[in-house]
Each structure stands twice: as C-alpha cells, then as structure tokens.
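**Q** Per my numbering, the very first residue in the sequence shown carries number 34; after that it's consecutive. Each residue gets a CB set at the ideal place from its N, CA and C atoms; glycine is no exception. Being a predicted model, the structure only gives us computed values, none of them experimental.
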Amino acid sequence: MDLQAQDIKKDLAQIVGEQYVSDNIFERVKSALDPMPYHIKNDSIPYVVVLPKNKEEISEIMKYANKNKISVFVRCSGTQLNGASRPHAPGIVLNTKRINSFEIIEKGGYFECEPGVRCKEMADELKALGYWLPVYPGSQVIASMGGLISNNTSGHLTDTYTGKPGDYVHGLEVVLPTGEIIETGTVGLRKPAGTDLTKFFVGGDGLMGIIVRIRMRLLPLLPRAYGVAIFKDLEALAGGVQRMYLEKRPVPIFMEFMSKTIADIGFQVKGMEAPPGPVLLTVTEGLTKKEAEYKVDEQVKSFKKEKVIVAYRVTDMNEWEKLWGTREVIGSYIMQVQRGKLITSELSGNLAELVEIMRDAESFNEGLSVLQEIPTLLFGHIGALAIHASFLLPADWEDDKLKKATDELFQRETEINFKYRTCGGEWGQFAKRTPFFIKRYGQFSYDLVKNIKAVFDPNNILNPGIFEGHR
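Below, the structure written as structure tokens:
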C-alpha cells in the first residue's frame, strides 16, 4: 500500500464525513481490543477507524479498500471470545454502531434490523409487543445483531429446542468485500428451498461479506415455567441432563449450570446463602402456563434419579429472578469479586459421553504449564451440552504469560472437542480456533473454505487473519 494513514483518513472523510473518521491513537487502540487478556502489538494498530451510517457508505469504503489493497476489519461491540474481533495487521476498522435502525412488521410476521442494533434493545422491543428474540448471549447488553448473526450463536438457548438464530433468518442485505450490495432470502414466512445465498453469511464468520440488514421471523412469547436442581457433584448434574434426554423428557429453552465454586460467587453477589452443591437452572415454555409447568416437572423426575440434593419447580418469581441473576452474567461477577482477567473455553459434549466430558472439564488444566497454577472455573449452557472451562488470570501476570495461558486454553479446548467429535456452537470456527478446524475437518475442508472466500473476496480485503488464525 503506497498511501499514508493521513491520506486514508482524508479519502474516507469524503465518504462518511470528517467527524466519522478518526486517527486518534486512543480510538485506534480501543477499536483493536477484544476480550483477549493480552495487549495488542504496535504493528497491529489500525490506521483509522471509520463509522459509516448506511450500506451505501460501506459499499464505497469496500471499493476504496479493494482499489488500494487496504485490509478492512469489521466490528461493533467486539465481544467475540475467540479472538476474531482483533486485527492482526494495520488497516481500516469499520465500526457498524451507527447503522442501528430496526422495524417490527407485525402484519408481515417478521422484523428487520441493522447490524449495530444491540441484542438486548431488540429483545426488549420485541417483548413489549409479545414476541421474543431467539438469540440470547451472556453479553446481550452490548452484543450487536450483526456479529451475532455472522456467528449464528445461540448463547444461553438450547439448540435442540430453538435451533440456531439462522433458522429464523429469512433474508439479509449484504455488502460484499468488493463493494456490491446484494439481497438474499424472502419476505415470506416460507424460507427458500434449494440455493439460498443467506447461508453463506449466517454463521460465515465475517469472511464472505458485511451484513447490513437482517430479516427474522417473529416468535410469540409463550408462558414459561422455571426450575432449579442442586446436585451433589458435577458428574451427577451431567448425568441428570443426560437422563432427561434419554428418558424423552421435554427439552428446555434454557438450561444453565454452575459449579459449586461459581455458584458461591453468584449467590454471594445476589445476597443469597451459598448452595450446598452445583446448581442447574431450567426454563421451559408451553402454549399454556400449565403445559410449561408440566415440562419442568417432567425434567425434575429425571434429576431426582441422580445424586440430587434438591430439585423443584420454582413458583415464586422473586426467587426465580434472584436465582437467574446468579448465573446470567456470571463472568462479570467473577471478575468483580475476585479481580483479574477471565478467559473461557467452550467444550461441546455429545449426549452419550456427557458425564465423561464433564470429568475432562474438571481436569482441564492438568499438565498445562501456566493454567495449572490457577483453578478451573466451570459453568455453561448444559441444556445444549456446552461447558465453559474458564480461568481468572491474575492481574499482575505479564503479557507473555497471559498470551501463553490463552494459547494453552485453546489448545486444550481443541484436544477435548476433537476427542468427543464435536465443535464449538457459540463462537466462530476460526481465529484462535483455526487449528481445531483443520484438525477436526482436515486440510482439504480448510482449503475449500479458503477457495470459497476467494470467490467473494479475491483480494482478501475483508477481515483477513480470522480464517488464517492470526490472532
């Protein structure tokens, strides 16, 4: 690239206006950071940060970047936990937070939103009209819809009940890496059969294009019921969930768990007495309240066949709000109470070996040179058979040690998910997870994705480094 940073800023200002392009060092560094605990390298700091207001401006930015061979890194909230939000080289950071309008079209049975809309904002707007959003990450207060759909993440939701967010996406508008604007899908309630370009972008890891408008089907908010179970140990908890599925009990919308150590922290923050063991929380829905309650009662029958201390349907909503509050943002609570930097893996179980993978999660850090120095913290979306083995890294650790700890985390995550023939279902498949993708699916499959990306992005302008694993 022959252009200087000041030239890039001047040229982009012609597209979006001077006030929406910044070369301020604080903005540039802030826009390159993510939840990874170590600092960004000086040679990875972007040249500028640009905030377009619409798809037309994004299109012009991408055409400019292609012409001048400048990398473009797209972000909004930067909450991705696999390193994909962090640039690995200088370039343009394109922040979508100004592209944040939405419209709920009840007579059409769908809503549309732009990528910068916050997840919780969208969920609250839908709830006020009697609908619910089938996307529920722990970071919902700040997570943006564009990033969530690009990753097709369910968050707290149980895949076997709700499916993936992409199952409800009926169409998109997308700016391609070369600047063209395309529309996919339908405004009808029946999704396309056969070839549907939507599928290249939902769960596409941000490799193929920039999502600028999302169309999703409206889902009625049905009556719900709630339950709690406290087990003697984590293996019994895993066994209870496994039994629930094998005994063909109703599947929950949400089903979360916390180890005893983690539950103690959550209960402490909420001013509750520490529980006597690991905690499981479940939520169901039904066409009637009675149906939702029946589903919880059926689940409880399975739990009681394991080593359970107590298991029951919660009827007091004040009690439930406190219980759910202990888990909903537990990552923040851990850092609030104990101080440090939290890193998290995602272990995906298979049903037949759920108890075994829980054992492996408990011994996650054994034999790891850095992570064995600190305890493993366990929580997760157990209804989806997802376990987060997490670690609170001391605030006084040097950057090299923080980087080593993070590398160990993803290496062990790779080993365990490969062992059980699963893969992560909450974050993207590349960045820090690129070695896993190659190990799990093979070099040919990796090269196939590389060739597909080259069709959409012949100059590898859009989010380079995610696919290659340079994070």
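(1) Just the Cα atoms here: how many angstroms apart are S402 and A258?
(2) According to DSSP, which residues form a beta bridge with H503?
(3) Would you list the residues sitting across from L442 in a DSSP beta bridge?
(4) Could you pull the start and end residues of the beta strand (DSSP E) that G142 belongs to?
(5) Measure from the alpha carbon of E134 to the alpha carbon of each residue in G149, K486, I125 and R223, then state which is nearest.
(6) Kindly give me the distance between the Cβ atoms of F571 and V126, rounded to whole angstroms, as I take these residues to be in contact under 8 Å.
(7) Is it true that the region 283-299 meets the region 307-323, where meeting means three or more beta-carbon pairs spaced less than 8 Å apart?
(8) For the region 324-387, list the alpha helix (DSSP H) runs that are entirely contained and at least 4 residues long, ordered along the chain.
(9) In whole angstroms, what separates the C-alpha of G358 from that of E459?
(10) For M34, count the other beta carbons within 10 Å of its own beta carbon; 16 or more makes it buried, fewer makes it exposed. Which is it?
(11) Please state the DSSP three-state secondary structure of V261.
(12) What residues match up with M69 in a beta bridge as DSSP calls it?
(13) Identify whether M249 lies in helix, strand or coil by the three-state DSSP scheme.
(14) Bridge partners for Y169 per DSSP, in chain order?
(15) Can you give me the C-alpha to C-alpha distance between M155 and V362, rounded to a whole angstrom?
(16) When you compare only the Cα positions, how much space is there between Q47 and R131?
(17) So the beta strand (DSSP E) E206 belongs to, where does it begin and stop?
(18) Helix, strand or coil for I215? Go by DSSP, reduced to three states.
(19) Shortest alpha-carbon distance to G199 belongs to which of K434, F287, G212 and F233?
(20) Within the continuous alpha helix (DSSP H) that includes A176, where are the two ends?
(21) Once DSSP output is grouped into helix, strand and coil, what is the label at V274?
(22) Can you find the residues in the same chain that come closer than 6 Å, C-beta to C-beta, to T129, ignoring five residues on each side of it along the sequence?
(23) With C-beta atoms as the reference, is G260 less than 8 Å away from V343?
(24) Between the region 397-411 and the region 467-487, can you find at least three pairs of beta-carbon atoms closer than 8 Å?
(25) Residues in the same chain with beta-carbon distance under 6 Å from G502, minus the five sequence neighbours each way, listed in chain order, please.
(26) Tell whether a beta-carbon distance below 8 Å holds between D229 and G218.
(27) Consult DSSP for G457 and reduce its assignment to one of helix, strand or coil.
(28) From what residue to what residue does the alpha helix (DSSP H) around S92 run?
(29) Excluding sequence positions up to five away, which residues of its chain have a Cβ less than 8 Å from the Cβ of L222?
(30) What did DSSP end up calling T129 once you bin it into helix, strand or coil?
(31) What would DSSP say about G299, mapped onto helix, strand or coil?
(32) If you follow the alpha helix (DSSP H) that F477 is part of, which residue opens it and which one closes it?
(33) Can at least three beta-carbon pairs, one atom from the region 361-377 and one from the region 319-335, be found at a separation below 8 Å?
(34) Quick one: any contact between the region 371-390 and the region 265-272, if contact means 3 or more CB pairs under 8 Å?
(35) With R108 as the anchor, note down where its alpha helix (DSSP H) starts and where it stops.
**A** Result, derived from the coordinates:
(1) The residue given as residue 402 occupies position 369 in the sequence shown. The residue given as residue 258 occupies position 225 in the sequence shown. Here the alpha carbons of A258 and S402 stand approximately 45 Å from one another.
(2) On the sequence shown, position 470 is the one that residue 503 refers to. Note: H503 sits in no beta bridge, so no partner.
(3) Indexing the sequence shown from 1 puts residue 442 at position 409. DSSP, once it has assigned bridges, lists no residue as partnering L442.
(4) Residue 142 sits at position 109 when you count from the first residue of the sequence shown. For G142, no beta strand (DSSP E) segment is defined, and its DSSP state is neither H nor E.
(5) If you number the sequence shown from 1, residue 134 lands on position 101. The residue you asked about is not Glu; residue 134 is Ser in the sequence shown. Of the candidates G149, K486, I125 and R223, the one whose C-alpha sits nearest the C-alpha of S134 is G149.
(6) With the chain running from 34 to 504 in the structure shown, residue 571 is simply not present.
(7) With a cut-off of 8 Å on Cβ pairs, the region 283-299 is in contact with the region 307-323, counting three or more such pairs.
(8) For secondary structure counted as the alpha helix (DSSP H) over 4 or more consecutive residues, the region 324-387 holds these complete runs in sequence order: 350-361 and 363-371.
(9) The residue given as residue 358 occupies position 325 in the sequence shown. The residue given as residue 459 occupies position 426 in the sequence shown. Near 21 Å, if we compare the C-alpha coordinates of E459 and G358.
(10) Numbered from its first residue, the sequence shown carries residue 34 at position 1. With a pLDDT of only 47 at M34, under 50, the local geometry of the prediction cannot be trusted, and the value read off the model is given with reservation. Under a 10 Å Cβ-count criterion, M34 is classified as exposed, with fewer than 16 other Cβ atoms of the shown protein chains found around its own Cβ.
(11) Residue mapping note: residue 261 aligns to position 228 of the sequence shown, counting from 1. Note: V261 maps to strand in three-state DSSP.
(12) For the purposes of this step, residue 69 is taken as the residue at position 36 of the sequence shown. DSSP lists no bridge partner for M69.
(13) The count along the sequence shown starts at 1 and reaches residue 249 at position 216. Strand at M249.
(14) Taking the sequence shown and counting its residues from 1, the one referred to as residue 169 is at position 136. BP columns for Y169 point to G188.
(15) Stepping through the sequence shown from its first residue, residue 155 is reached at position 122. Stepping through the sequence shown from its first residue, residue 362 is reached at position 329. Taking the straight line from one Cα to the other gives about 19 Å.
(16) Taking the sequence shown and counting its residues from 1, one reaches residue 47 at position 14. Taking the sequence shown and counting its residues from 1, one reaches residue 131 at position 98. Distance between the alpha carbons of Q47 and R131 is about 17 Å.
(17) As a first step, residue 206 is located in the sequence shown; it is residue number 173 there, counting from the start. Residues V202 to V208.
(18) The residue you call residue 215 lines up with position 182 of the sequence shown. Residue state for I215 is assigned as strand, using DSSP reduced to three classes.
(19) As a position in the sequence shown, residue 199 is number 166, starting the count at 1. When each option's Cα is compared against that of G199, the closest is F233.
(20) Mapped onto the sequence shown, residue 176 falls at position 143. For A176, no alpha helix (DSSP H) segment is defined, and its DSSP state is neither H nor E.
(21) Reading the sequence shown from its first residue, position 241 is the one you call residue 274. V274: helix per DSSP, three-state reduction.
(22) By 1-based counting over the sequence shown, the position of residue 129 is 96. Cβ neighbours of T129 within its own chain (closer than 6 Å, five residues either side excluded): C109, P148, G149 and G179.
(23) On the sequence shown, position 227 is the one that residue 260 refers to. On the sequence shown, position 310 is the one that residue 343 refers to. Going by C-beta atoms, G260 is not nearer than 8 Å to V343.
(24) Too few Cβ pairs lie closer than 8 Å, so no.
(25) To locate residue 502, count along the sequence shown from 1; it is residue 469. Within the same chain, G502 has close Cβ partners T467.
(26) Here residue 229 is taken as the residue at index 196 of the sequence shown, counted from 1. Here residue 218 is taken as the residue at index 185 of the sequence shown, counted from 1. Against a cut-off of 8 Å, the Cβ pair of G218 and D229 comes out as a contact.
(27) In the sequence shown, residue 457 corresponds to position 424, counting from 1. Secondary structure of G457 (DSSP, three-state): coil.
(28) Taking the first residue of the sequence shown as 1, we reach residue 92 at position 59. Element bounds for S92: K88 to N101.
(29) Translated into positions along the sequence shown, residue 222 becomes position 189. Taken in chain order, the residues that qualify are G142, Y143, H203 and R250.
(30) For the purposes of this step, residue 129 is taken as the residue at position 96 of the sequence shown. In this structure, T129 counts as coil in the three-state DSSP scheme.
(31) The count along the sequence shown starts at 1 and reaches residue 299 at position 266. DSSP places G299 in the helix class (H, G or I) of the three-state scheme.
(32) The residue you call residue 477 lines up with position 444 of the sequence shown. Residues Q476 to F489.
(33) Segments in contact, no.
(34) The region 371-390 vs the region 265-272: in contact.
(35) Taking the sequence shown and counting its residues from 1, one reaches residue 108 at position 75. Segment V105 to R108 is the beta strand (DSSP E) holding R108; no alpha helix (DSSP H) there.
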